[in-house]
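Residue numbers (the numbering used here): 1002 to 1426. Glycine residues also receive a C-beta, built at the ideal position from the N, C-alpha and C atoms. Input: a single structure, listed below in structure tokens.
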């Protein structure tokens, strides 16, 4: 059996010291995509801990896939945001993101981030350079910046872009796939440490050739202070005129890897229930198509992605949370939305094959059914709605899991310890 990845915080504690950290990542606040939330939260938390942090990021564009007017001028802009020096660079944003356009999207960020990343490395002489993936295409920039600045290098993988693209049909086989996988494997070998967000994804890093002692599990976290179990009705019930006692809620990106069509099938199968409303809250390239497919359904509502500040109120709207995932994607990405679903104290109905990372995380906090099995998905929702004690018990377990596995201070504190050990090595 191969050795398990290092978990931040495990082993002897490292003596704390102030670190200089350069972070490169396409997405950063105020983008509303999960990766942006976690990267900006990490940077700000590190600054509050006494570390010096600079970020090179793209301009915000999500969820509209359009750069807001306030950020359009200039190729480059450097600001100080909540104690973090942030340099934003211009890059291509496709109005309709296809596979080829996404590649150009990421490649343009890599090109435009090169000069500011190298300048930051020379200026601040970082102890460590962290690249957040996506975008893997920009990883060579981070590795070069680490060399220029005399720093250690760290690649943090939020999802395996190449295999996720295969699983969702964005990339087919052939020469393109072989080149992409070869590039990925080469990039993984360049970094002093490679981290990912679940045991299954760390295992995949090892399978791709990363030495076991270079792999670190660095989880996303739940906002357990603002997302809490609530007994009072969500204010969204009144705002959206939701009058049914139960809501099955999906909130997040609406793209191919979500396999979200299964929610429509469940709504169709449960159309006879007058006590249930399905709510899909989010944006993405698949939303217009999804709304068109749902045109004949009277028990489903679509709403825009809601601000982070109201996340706790939104998640309290749910009787059950829905977490569909395309077949084959459950070990390639662990949806960041899961953490706060659990923190809200509501059970989760997820689609994942048994033994995958997603299935393991949801087990005991909800029901897991096979991907693309609409009948099983609908039955799981109905079983929870009709069994209040089970729903309550799973909700309590979900909250407990969020507190024990997904607490931000413990997770980031563990990362700081790992960074300290790396930079002293």
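Listed in chain order, the beta strand (DSSP E) elements of length 3 or more contained wholly in the region 1063-1139 are 1077-1082, 1085-1090, 1129-1134. In the displayed model, residue 1211 falls within coil according to three-state DSSP, outside both helix and strand.
Between residue 1382 and residue 1321, the gap from beta carbon to beta carbon is short of 8 Å. In the three-state DSSP reduction, residue 1022 falls in the strand class (E or B). In this structure, residue 1195 sits away from residue 1138, with a CB-CB distance that is not shorter than 8 Å. For the region 1316-1377, the full-length alpha helix (DSSP H) segments reaching 4 residues or more read 1338-1344, 1358-1363 along the chain.
Straight through space, the alpha carbons of residue 1283 and residue 1255 are spaced by roughly 6 Å. Residue pairing by DSSP places residue 1408 opposite 1223 in a beta bridge. In the DSSP annotation of this structure, the continuous segment of the beta strand (DSSP E) that includes residue 1279 starts and ends at 1277-1282.
Going by beta carbons, residue 1330 and residue 1373 fall outside the 8 Å limit.
Exposure of residue 1080 is indicated by the presence of fewer than 16 other C-beta atoms within 10 angstroms of its C-beta. Looking from the CA of residue 1044, the closest CA among 1113, 1027, 1087, 1072 belongs to 1087.
Going by C-alpha positions, residue 1199 is about 14 Å away from residue 1364.
Counting every other CB atom within 10 Å of its CB across the protein chains shown gives residue 1285 a total of 16 or more, marking it as buried.
Residue 1357 has its alpha-carbon roughly 11 Å from the corresponding atom of residue 1369. Around the beta-carbon of residue 1273, fewer than 16 other beta-carbon atoms lie within 10 Å, marking it exposed. Scanning its chain for C-beta atoms nearer than 6 Å, with the 5 sequence neighbours on each side dropped, one finds around residue 1146 the residues 1118, 1119, 1122, 1130, in chain order.
By the beta-carbon neighbour count (other beta carbons within 10 angstroms, threshold 16), residue 1298 is exposed.
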